[in-house]
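A short worksheet on the structure shown next.
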Amino acid sequence: MNHSITDPELKKLLDCGIIAIDKPQGPSSHQVTAWVKEILGGDIKIGHGGTLDPMVSGVLIIMLGRAVRLAPVILKHRKEYIAVLRLHDDVSKEDVLRAADEFTGRIYQRPPRKSAVRRQLRIRRIYEIEILDFKERLVLMRVACEAGTYVRSLCTHMALSMGVGGQMEELRRSRSGSVVLSDTCTLHDLKDAAVFASEGDTEELKKMILPVERLISEIPIVKILDSAVEAVCSGALLAGVGVSARESYKRDARVAVITEKGELVCIGKALVSSEEYKLGDTGLVVAPQAVVMKRGTYEKGWVSKNSKKSKNSKKSYDERSNSPLIDSKLTHNETSEPIDTSKKIKDRNISSGRESNRRNKQDNRPFKRITRAEKQRADTKSAEKKRTGKISKTKTIPDNAVPKVRSGFQPYKKNKK
1 MNHSITDPEL KKLLDCGIIA IDKPQGPSSH QVTAWVKEIL GGDIKIGHGG TLDPMVSGVL
61 IIMLGRAVRL APVILKHRKE YIAVLRLHDD VSKEDVLRAA DEFTGRIYQR PPRKSAVRRQ
121 LRIRRIYEIE ILDFKERLVL MRVACEAGTY VRSLCTHMAL SMGVGGQMEE LRRSRSGSVV
181 LSDTCTLHDL KDAAVFASEG DTEELKKMIL PVERLISEIP IVKILDSAVE AVCSGALLAG
241 VGVSARESYK RDARVAVITE KGELVCIGKA LVSSEEYKLG DTGLVVAPQA VVMKRGTYEK
301 GWVSKNSKKS KNSKKSYDER SNSPLIDSKL THNETSEPID TSKKIKDRNI SSGRESNRRN
361 KQDNRPFKRI TRAEKQRADT KSAEKKRTGK ISKTKTIPDN AVPKVRSGFQ PYKKNKK
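Residue 1 is where the sequence shown starts when you use UniProt numbering, and the numbers rise one by one after that.
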């Protein structure tokens with residue numbers, strides 16, 4: 001499907017875009033990513049950010065092309081889940097609300113036994129726990145948390161704090177960064193859109209592929225001039241003279257570098273805080289870490305040394321004879337005849353012994369360099385032909401081809417102590 005697309009806008013999205021899949025229960029995140037790659041076809045790079053357990057559904061971000069470089073950004077996104085907690089005994093609604101307030105903020109967590117990370121104690125932040133519904137022993141709640149939070153462990157700890165125990169019954173991710181459930185599509189819808197795109201109708205597929213700028217909503221923005229874009233795409237550090245606007249951030253913070261049109265250039269590390277420099281100041285301010293924009297999108301804002309040399313080393317031409325002058329120092333006056341360099345080159349070839357080789361090539365007699373062993377075999381064959389009138393098929397090694405040992409030579413022997 002990818003090879004049959006002629007829409008330039010769709011090609012740009014496939015080269016650097018994201019697809020929000022509404023992952024169903026059952027398959028793993030890696031399996032869903034493999035299915036998306038099979039649907040889109042071609043040799044496109046693909047990856048996912050924010051792994052979901054097989055029995056968890058919801059928002060799964062699939063990165064396409066150069067957007068795969070932004071996987072660390074997705075892993076740090078703020079997440080939001082809808083969870084169902086089943087309690088082992090009856091409790092009042094006040095107890096549930098009290099537990100929700102108690103577990104809001106910074107909490108200690110240890111990953112479950114069945115997890116893909118190391119089981120060590122760590123701190124995670126719970127931004128909000130909202131109780132949506134409470135019926136009998138089932139609690140429906142919305143949890144907004146930091147990346148890397150295990151809602152399964154959170155449900156278990158909340159039930160233990162109520163004194164009854166319990167476990168998570170069902171979980172669905174409703175948000176990852178700025179991508180919500182309304183931005184997602186199912187695998188069946190993506191397959192239909194890919195089939196339509198292969199037949200020429202690309203509108204549905206373009207709606208499903210989101211621009212990569214949707215991933216930088218939680219990162220400070222640094223806007224740069226158009227003359228500095230190509231330098232940053234080539235890996236150069238961003239200086240203050242190339243910054244046109246910026247948001248507030250601290251030193252060593254992760255920032256998003258964009259153009260004046262709002263296009264994402266790269267994700268970088270702040271070398272200084274936003275308060276330590278002014279717009280237009282000299283000095284380096286951002287170091288690129290993950291460049292997303294393709295080189296050549298914007299024109300270069302600098303002149304390289306090679307281009308300067310090429311401009312200065314242009315050949316000058318004589319207006320009367322229209323022939324290139326080899327050097328202005330070699331022409332003693334304007335009325336002198338052009339210098340015949342072919343004669344000098346010919347003399348130099350003759351003096352170095354290359355003229356004979358050149359004649360051999362012209363006469364279709366190529367010069368071949370042979371080794372000493374090959375020469376000895378050829379001499380042996382010619383001598384045998386003169387003696388017997390024919391050449392034997394077996395290879396014979398003459399006596400003179402075997403190096404003789406000197407009469408006084410003794411092999412080296414290690415002295416025995």
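C-beta: ideal position from N, C-alpha, C; glycine also.
Note that the structure is a prediction, hence the values are computed from the model and not measured.
query	result
Buried/exposed call for M55, threshold 16 Cβ in 10 Å	exposed
Residue interval of the alpha helix (DSSP H) (run including H77)	Here H77 belongs to no alpha helix (DSSP H), and DSSP marks it neither H nor E.
contact_flag[the stretch 249-262, the stretch 272-283] where n(CB pairs < 8 Å) is 3 or more	yes
Straight-line Cα distance separating H157 from V195	47 Å
Spatial distance of M293 from C266 (CA atoms)	7 Å
Enclosing beta strand (DSSP E) for M141 [first to last residue]	138-145
Buried or exposed by the 16-neighbour rule on C-beta atoms within 10 Å, applied to L171	buried
Contact test: A34 Cβ vs the ligand FMN heavy atom, cutoff 7 Å	For the ligand FMN, the structure offers nothing, since it holds no ligand at all.
Neighbourhood of E299 by C-beta, 7 Å cutoff - its chain only, sequence neighbours within 5 removed	E230
Nearest-angstrom Cα separation, counted from V257 out to S234	14 Å
E9 classed as buried or exposed, judged by whether at least 16 other C-beta atoms fall within 10 angstroms	exposed
Closest Cα partner of residue 429 within the set A83, I44, T33	Given that the chain is displayed from residue 1 to residue 417, the structure contains no residue 429 and the question cannot be resolved.
Extent of the continuous beta strand (DSSP E) to which K135 belongs	122-135
Collapsed DSSP secondary structure at V291 in the structure displayed	strand
Sheet register partners of S57 (DSSP bridge)	R172
Extent of the continuous beta strand (DSSP E) run through D22	16-23
The stretch 184-199 / the stretch 73-88 touching (three or more Cβ pairs under 8 Å)	no
Segment contact, 8 Å Cβ cut-off, at least three pairs: the stretch 193-211 with the stretch 117-124	no
Straight-line Cα distance separating E247 from L210	24 Å
Neighbour-count burial assignment, R387, 16 or more Cβ in a 10 Å radius	exposed
From A287, E102, I131, L238, residue whose alpha carbon lies closest to that of S161	E102
Whole runs of the beta strand (DSSP E) within the UniProt domain "PUA" (220-293), excluding any shorter than 3 residues	221-224, 243-246, 254-258, 264-270, 284-291
Contact the stretch 127-140 vs the stretch 96-113: 3+ CB pairs below 8 Å	yes
For Y108, the residue or residues it bridges with in DSSP	I123
L210: first and last residue of the uninterrupted beta strand (DSSP E) it sits in	209-211
Helix, strand or coil at V179 [DSSP, three-state]	strand
Reduced DSSP category for H88 - H, G, I as helix; E, B as strand; rest coil	coil
Separation of V143 from T259, as counted between CA atoms	35 Å
Beta-carbon contacts of K45 that lie in its chain and below 6 Å, excluding the five residues immediately before and after	G65, V68
Collapsed DSSP secondary structure at I370 in the structure displayed	coil
Beta-carbon proximity check, E218 vs L264, cutoff 8 Å	no
T51 versus R295: straight-line alpha-carbon distance, rounded	31 Å
Continuous alpha helix (DSSP H) stretch holding I39: start and end	29-40
Straight-line gap, A100 to A239 (C-alpha atoms, nearest Å)	47 Å
DSSP three-state assignment for M158, whether helix, strand or coil	helix
Environment of H77 [buried if 16+ CB atoms lie within 10 Å]	buried
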